[in-house]
Structure formats: C-alpha cells, structure tokens
Amino acid sequence: MDLLALADFNDVARHGGVGRAARVTGRPKATLSRRVRQLEDALGVRLFERGGHELRLTEEGRELQEQTQSLLEHIDEVGDTLRQGIRTPRGRLRISAPVLFGQRGLGRIAADYALAYPQVQLEVVAEDRFVHPVDDDFDLVIRANPDPSTELAGRCFLRDTLVAVAAPSLPRPARPRDLPVPVVTLPRAPSEATWQLHRTRSTLTVATRSVLRLSSMAMIHDAVLAGAGAAAMPRSLVQADIDAGRLVDWGRLAGRPIEVWALYPSHRHVSARVSAFVQLLVDRFENASPSAFARLASAPSPGHR
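Quick note: the sequence shown uses numbering that gives the first Met the number 0, first residue 0, plus one each step.
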C-alpha cells in the first residue's frame, strides 16, 4: 500500500472532499484525486461515493480510515521524535583521547557535557594507541597533529607549541655541547636528534640522545619530573609545572606547531551529540589558546582546596 496515497486519502476523508483537503494541506487538487484513485485501484475497492457536491466514504473507505488514521498519526509522531532527536543530543557517544590530555581536565569537560545533555550515554577512553573511528567503534577521536585523511573530518580546537623542559636537577644548556643531552622520548623518535631551542633573544642548537623510551606522554611527563632527562612537550601540558618550579623551560623547539583535532568519519552524518561535544571543546579552549588548557589542567578538582 502506497503510504503517500494513504495519507492523501485520509486528508480527503477527514476534510470531506478534495477541494477542502487541498486548501488545508496546500496540495494540488489533481494530485489528491490521482492518489485516491491509485489507492482504489491498488486495493480493488471504491473508497468514495462520487456524485453531487461532496464525496462520501463507502463502507470500505470508512473502515480504511478508521484503521489507518491512528497509524498515520503515530508515524507523524515518530517522525517528530526523530527530527527532535537530530536537534537534541541523545544516544551513545564514545570518544577516544590521548592519556595525558584525558588526565589534564578532560574529565571536567566530560562532566559538563553529561550534565548539559543527560540523554547522552557518554564514554571517554584515554589511550595513546592509534585508533580508527570506524574500525574501533568511536564516534569522535581527539588527536594531535593527525595525518591528512579523506576518511576523517573535524575541527582544530587547540594550537600549541613544543617546549624543551627538564627537572631543575638537570643542568640547562647555555651553549652548544659536545656531549648530547639525555632525553626521554616516544618509541618512534630517533635515538639521536638536534634541538633548535628558541629563547627570547637567542637560538641554541643542542644535540640530544634518547636514554628512555616511553609509550605515552603521561609516562614521559612523570619521568621528566623524576629527573631522568629532558623532553619536548606541549607547553599547555607543562606550564603549570614550569610556573611551580617543578620543571625548567629550556626554550621553544623549532618546527611544526601542535594542532589538536576532534575527528569523526567524514562519510557519516554529524549527529547532534558529536556536534555538541566539539562545540564544547571549541568554547572551552577560547581562540584555540594553550593558556586555556593550561588553566584547565592546573585547576583544582571540585571539593579540593
């Protein structure tokens, strides 16, 4: 049974004629008449008694209206609910984020989101391994400097710079050294590298040698605080340590700036729950500033003094 023809039949039956139905619904009279006849042909019954100035339902037409009008109203209600769902965040939202980013304030952002959108079942997984949103069943992936991809779309919500930091116990280089500086790196980093350290009025070239390889920035951060070596880290993640004297800022590293992106599959319709979380990130990190994240990372948890 043609659902559109059935809806047109119900409009004509409810308003007592094609002309009245056309005026109320805004649909052409010819279209309504054609749809009703198509429905009659499909069912093999006559639905209206035609003659005079009004259409009157036949017994079959009256039974069809009684049986289908409530169903059509229910379908309209379902459509309204779905349309409302598009505008109102609801359903499951699964997010992957780097460990250190997750530990430095993302819990507060997630809490704010959960309070604002109680109909969303939010899950945030903090991990440093490479994940693919589709293959690993994530709706949103937060990553720094992601490789360009036609499969993913998203928005940059935080821009940052790399700085070399070390514990106060590690001597800060004042001039080029023959002996490489011990550094803590990720596993994929080269064993030896050269740092160009930009300071206020000078640039210093420093040779480095990896003495410890760790798989997450969170572990690197802990190792640097313990004095194992220097490390190149995002300023927003270490600014609170620098301000507190736990780490010393050796200078900004030359090279590509850090961009943190919220990514989702480009072929999917962007749901309201994804859009709302991305907008919350953009709002929280005003102007994509690292200082906003530094403040978030150093802020005490509610209830703590």
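Heads up, the beta-carbon is just placed ideally off N, CA and C, and yes, glycines get one too.
query: Validate contact between the stretch 128-144 and the stretch 256-267 using beta carbons, cut 8 Å, 3 pairs; result: yes
query: Bounding residues of the alpha helix (DSSP H) (the contiguous stretch that carries residue 112); result: 106-115
query: Assigned secondary structure, residue 95 (DSSP; H/G/I helix, E/B strand, else coil); result: strand
query: Validate contact between the stretch 179-188 and the stretch 213-230 using beta carbons, cut 8 Å, 3 pairs; result: yes
query: Selection from 44, 27, 105 and 109 that minimises the alpha carbon distance to residue 61; result: 44
query: Exposed unless 16 or more other CB atoms sit within 10 angstroms - verdict on residue 110; result: exposed
query: Validate contact between the stretch 166-175 and the stretch 220-240 using beta carbons, cut 8 Å, 3 pairs; result: yes
query: Burial state of residue 159 (16 or more Cβ within 10 Å); result: buried
query: Beta-carbon contacts of residue 301 that lie in its chain and below 6 Å, excluding the five residues immediately before and after; result: Note on residue 301: pLDDT 48, under 50, position unreliable in the model; the coordinate value appears next. So no residue of the chain qualifies.
query: First and last residue of the uninterrupted beta strand (DSSP E) at residue 209; result: 202-212
query: Alpha-carbon to alpha-carbon, residue 89 and residue 118; result: 5 Å
query: Same chain, Cβ closer than 6 Å to residue 231, neighbours up to 5 away in sequence not counted; result: 161, 163 and 252
query: Residue from 236, 73 and 96 whose Cα sits closest to the Cα of residue 142; result: 96
query: Residue 77, buried or exposed, once every other Cβ within 10 Å from all chains shown has been counted against 16; result: exposed
query: Cβ-based neighbour list, residue 56, same chain, cut-off 8 Å, excluding 5 preceding and 5 following; result: 12, 46, 47, 48 and 64
query: Residue 146 burial status per 10 Å Cβ neighbour count (16 or more: buried); result: exposed
query: First through last residue of the alpha helix (DSSP H) which encompasses residue 17; result: 17-24
query: Residue 94 and residue 130 closer than 8 Å at C-beta; result: no
query: Cβ neighbour criterion (16 or more within 10 Å) applied to residue 189; result: exposed
query: Through-space distance from residue 247 to residue 178, alpha-carbon basis; result: 20 Å
query: Residue interval of the alpha helix (DSSP H) (run including residue 220); result: 216-224
query: Completely contained alpha helix (DSSP H) runs for the stretch 224-248, where each covers 4 or more residues; result: 234-243
query: Terminal residues of the beta strand (DSSP E) in which residue 125 lies; result: 119-125
query: Reduced DSSP secondary structure (H/G/I, E/B, other) of residue 34; result: helix
query: Separation of residue 280 from residue 303, as counted between CA atoms; result: Because the pLDDT of residue 303 is 42, which lies under 50, any placement of that residue in the model is unreliable, and the number read from its coordinates should be weighed accordingly. If you take the alpha carbons of residue 303 and residue 280, they lie about 24 Å apart.
query: Burial state of residue 174, where buried means 16 or more other Cβ atoms lie within 10 Å; result: exposed
query: Distance CB(residue 100)-CB(residue 284) smaller than 8 Å; result: no
query: Own chain residues within Cβ distance below 8 Å of residue 120, not counting five before or after; result: 90, 91 and 92
query: C-alpha gap between residue 42 and residue 154, whole angstroms; result: 53 Å
query: Pick from 151, 209 and 132 that is closest to residue 192, judged by C-alpha positions; result: 209
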